[in-house]
Every structure is written in structure tokens, then in C-alpha cells.
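Below is one structure; the comments refer to it alone.
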Amino acid sequence: MDLLGKGLFTRINGTLTGGVIVETEAYSWKERGCHAYMNKMTKRNAVMFQDGGIAYVYLCYGIHHLFNVVTNTGGKADAVLIRALEPTAGVEAMQHRMNASKPVRITSGPGKLTRALGIGREHNGTKLDSDGLWLSDLGVKIQKKGVQAGPRIGIDYAGADARLPWRFTVTGSQWLSK
DNA sequence: TAGAGGATTGAT
DNA sequence: TCAATCCTCTAC
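Sequential numbering of the first sequence, starting at 158, is according to my numbering.
So this is what it looks like as C-alpha cells:
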């Protein structure tokens, strides 16, 4: 996935936090794991039908925010869930948000990284070149052999579609989710 | 307007 | 392995 190795940063109340994306999951309107399955548009997932380059943030289980990058073009509701990143900026601020004493495992999961970065539903639909939230091409080349593809996590309800190898991770990274 | 369920996490 | 927890969607 092209997003691996790119930087994701936020600036909340003047505090810069962010890191390098090391784990993603792809979602397409063509499969059941996606909220926009069969191109069903609701108030919640409406931003997925907009042009790519914006954030799709939504609350899951009433507790966790999940951050997606909308990759859609031409009305196809496609998005990429950011599951983990390697902290490079504002590590101390993120530790404070996570109440962690060490800069480890503070972003190793989709719900945790949004909390570490201070991402909330107010970022839903935000363009990814905004002042408070943006993607950055760090010029880091991720070798194809350094990327692993596997089945996605947490969507068993999607049946056969849950086994699609659409989860991409950077091999050997210590920041991956479990 | 009410009821059910979910792209997770952390504690038991 | 299971509960926490609340927003969203669907049905009545």
C-alpha cells in the first residue's frame, strides 16, 4: 500500500505529534467489511464518497476513534484504515496522552494511535493538507519485499471477505498492532 | 422513538 | 475470554 512509509501528523492546540505509517488496512465498497458496502451511503460514511485525500474518522464501540484515509475517486467509496504508526514527532506529548512512561506501544493499534495523536470526530472530513492534520511524503522508500500482506483484523462478521489479504505491514517494525 | 450492534482495547 | 461504552443505523 502506497501509504506505508508516509508520515501522518497532527497539530492539536499547537502541539505537533505524528509519525510514520507502518500498518494499514484497505477497504472497498465491494466487500462486506466496509461501511460503504454496496455503495450504501449514510450520514456517517458520507465522507468516503467524496474525493480522496480527506480523513474519515468514526467512533467504534463507543470508546475508540478509528482514522481512515479516503482514497476514493469517481464515486467509489474506498478508504484505508491506519492501524499503526512509528512515532517520530511529539513523542512526549503522545506519551502524556496515553499516560505511558515509555514511548512504546503508544500507537500500536487503530484506536490507540488516534488517541495518541488527538484525533477525534471533529477531524472527520478534514483535508489531509490542513494545518491541524496532514499527510507527508517523507521520501522513504518501503521495499516491496519489506511489506507483508495478510488477512484483516476484527471483521470476522464480514465472512469470506474478512480473509482478503488487505492488511499491509512493514516487516520487522516494532510498532505494529498485535 | 426504541433497540441492536460494531474496522477495539485492556483487564481477568 | 469478556466486559466497557456510546454513536449510528434500522425497524416500528
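For glycine and all other residues, C-beta sits at the position ideal for the given N, C-alpha and C.
Secondary structure note for Val-248: its alpha helix (DSSP H) is the uninterrupted segment 248 to 255. Three or more Cβ pairs closer than 8 Å define a contact, and the stretch 262 to 274 falls short of that threshold against the stretch 195 to 212. When only Cα atoms are considered, Glu-182 and Lys-197 end up about 20 Å apart. Inside the stretch 203 to 274, DSSP marks whole beta strand (DSSP E) runs of 3 or more residues at positions 211 to 217, 221 to 227 and 236 to 246, from first to last along the chain. In the displayed model, Asp-288 falls within coil according to three-state DSSP, outside both helix and strand. Bridge partners of Tyr-184 according to DSSP: Ala-236. For Ala-193, the three-state secondary structure derived from DSSP is coil.
A direct Cα-to-Cα measurement between Thr-228 and Ala-257 gives close to 33 Å.
In the DSSP assignment, Thr-283 falls outside any beta strand (DSSP E) and carries neither an H nor an E.
In this structure, the CA atom of Val-327 is about 8 Å from the CA atom of Leu-333. By the criterion of a C-beta distance shorter than 8 Å, Gly-277 is surrounded in its chain by Val-214, His-222 and Thr-271, once the five residues flanking it on both sides are discounted.
If you ignore the 5 residues before and after Ala-250, its C-beta comes within less than 7 Å of the C-beta of Thr-172 and Thr-174, all in its own chain and listed in chain order. DSSP places Gly-175 within a strand segment (E or B) once states are collapsed to three. Following the DSSP letters along the chain, one finds Leu-165 inside the beta strand (DSSP E) bounded by residues 164 to 169. By the Cβ-count criterion, Leu-161 is buried, with 16 or more other Cβ atoms from all chains shown falling within 10 Å of its own Cβ.
Across the set Gly-231, Phe-325 and Thr-199, the C-alpha of Phe-325 shows the shortest separation from the C-alpha of Lys-302. Of the candidates Asp-286, Leu-290 and Leu-285, the residue whose Cα lies closest to the Cα of Gly-275 is Leu-290.
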